[in-house]
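**Q**
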Amino acid sequence: MDPAASSPPLPSKVLTHEGILLDFPFPCGWVTGYIAILVGAGMTFIVQSSSVFTSAITPLVGIGVISLERAYPLTLGSNIGTTTTAILAAMASPGETLANSLQIALCHFFFNIMGILLWYPIPFTRVPIRLARGLGNRTAKYRWFAGLYLILCFLVLPLGVFGLSLAGLQVLVGVGVPIIVLVIVVIITVVAALLPLRGWRVWLRRERLRSRSKWNLGAPV
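For the sequence shown, counting from 1, position 221 maps to 896 in the numbering used here; every step adds exactly one.
1. Could you tell me if F799 is buried or exposed, where buried requires 16 or more neighbouring beta carbons within 10 angstroms of its beta carbon?
2. Tell me whether L690 is buried or exposed, calling it buried when 16 or more other Cβ atoms sit within 10 Å of its Cβ.
3. If you count every other CB in all the chains shown that lies within 10 Å of the CB of V912, and 16 or more means buried, which is it?
4. What are the start and end residues of the alpha helix (DSSP H) that includes E744?
5. Which of the three DSSP states is assigned to V714 in this structure?
6. Is the separation between the beta-carbon of G752 and that of G715 shorter than 8 Å?
7. Less than 8 Å between the C-beta atoms of G717 and G756, yes or no?
8. Compute the Euclidean distance between the alpha carbons of E744 and A711, then round it to the nearest angstrom.
9. Evaluate L685 with the Cβ neighbour count: other Cβ atoms within 10 Å of its Cβ, from every protein chain shown; 16 or more gives buried, anything less gives exposed.
10. Quick one: what's got a C-beta closer than 8 Å to I804's C-beta in the same chain, skipping five residues either side?
11. Using the three-state DSSP reduction, which class does Y900 fall into: helix, strand or coil?
12. Taking buried to mean at least 16 other C-beta atoms within 10 Å of its own C-beta, is A765 buried or exposed?
13. Using three-state DSSP, classify I797 as helix, strand or coil.
14. Of the choices D698, Y709, P833, whose alpha-carbon is the least far from that of I788?
15. Quick one: what's got a C-beta closer than 6 Å to I762's C-beta in the same chain, skipping five residues either side?
16. In whole angstroms, give me the CA-to-CA distance for H783 and P702.
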């Protein structure tokens, strides 16, 4: 038997794993995610690159040291930390271009802030976590899916949108609107199949039974 396989994990590894996954005690557990956002922003500010930070935590998620739920706020924080590079560069601009440079840098900053406000504070809006888990499971089952995803999302779709924008507004609207309508129809169909809502007949039957039980309880014996 391999002694390394039977030996207990190192204390430093256990402490690191438990420390990263540990939440604040109730009722302050919700603060943990926002602390992770600040940590991600601070670490990205130190290394001056969100790509370096996310590339460092990606293998940690793969080996289970960091959970996907913990990596999500860290990545959001790195998107905030990377804006500091543009802000610092804008502040070093000459006086005649300082205002315009700061406006562009602050647009980048507030754009990422709005992304966090849209996709993090409310738990059910954390759709990227479910998408990442679904894409990861699909890639683990079909290895070719990763290459297809990269080609579509980083080559075909950007080039298609860029080509339509060069063709003019009429072509962009004429092609883009049917695609958007098709996507909405597909989403509604999938949601209706997975999460069907109760019809009016079920609701009326339930209300009728409730009213009958109320009258029966109030009737004299």
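Yeah, the Cβ is synthetic: ideal placement off N, Cα and C, and Gly gets one too.
**A** Put simply:
1. Against the sequence shown, residue 799 aligns to sequence position 124. So F799 ends up on the exposed side.
2. Within the sequence shown, numbered from 1, the residue matching residue 690 stands at position 15. Here L690 scores only 45 on pLDDT, less than 50, and its place in the model should not be relied on; the value that follows carries that caveat. Answer is exposed; the Cβ neighbour count stays below 16.
3. The structure shown does not extend to residue 912, since the chain is modelled only from 676 through 896, so no value can be given for it.
4. Residue mapping note: residue 744 aligns to position 69 of the sequence shown, counting from 1. E744 -> alpha helix (DSSP H) spans 743-756.
5. Locating residue 714 in the sequence shown gives position 39, counting from the first residue. Of the three classes helix, strand and coil, the one that applies to V714 here is helix, per DSSP.
6. The residue given as residue 752 occupies position 77 in the sequence shown. The residue given as residue 715 occupies position 40 in the sequence shown. Yes.
7. Your numbering for residue 717 matches position 42 in the sequence shown. Your numbering for residue 756 matches position 81 in the sequence shown. Yes.
8. Numbered from 1 along the sequence shown, position 69 holds the residue referred to as residue 744. Numbered from 1 along the sequence shown, position 36 holds the residue referred to as residue 711. If I take the Cα positions, the gap works out to 10 Å.
9. Here residue 685 refers to the residue found at position 10 of the sequence shown. Only weak support is given to the placement of L685: the predicted model assigns it a pLDDT of 45, under 50, and the value that follows is read from those uncertain coordinates. The residue is exposed, with fewer than 16 neighbouring Cβ atoms inside 10 Å.
10. For the purposes of this step, residue 804 is identified with residue 129 of the sequence shown, where counting begins at 1. Closer than 8 Å at the Cβ level, and outside the excluded window around I804, lie L743, E744, Y747.
11. Outside the shown range of the chain (676 to 896) lies residue 900, about which nothing can therefore be said.
12. To locate residue 765, count along the sequence shown from 1; it is residue 90. It counts as buried.
13. As a working note, residue 797 is residue 122 in the sequence shown. Three-state DSSP puts I797 in coil, outside helix and strand.
14. As a working note, residue 788 is residue 113 in the sequence shown. Ranking D698, Y709, P833 by Cα distance to I788 puts Y709 first.
15. The count along the sequence shown starts at 1 and reaches residue 762 at position 87. Correct list, in chain order: A780.
16. What you label residue 783 is simply residue 108 of the sequence shown in a count that begins at 1. What you label residue 702 is simply residue 27 of the sequence shown in a count that begins at 1. Straight through space, the alpha carbons of P702 and H783 are spaced by roughly 34 Å.
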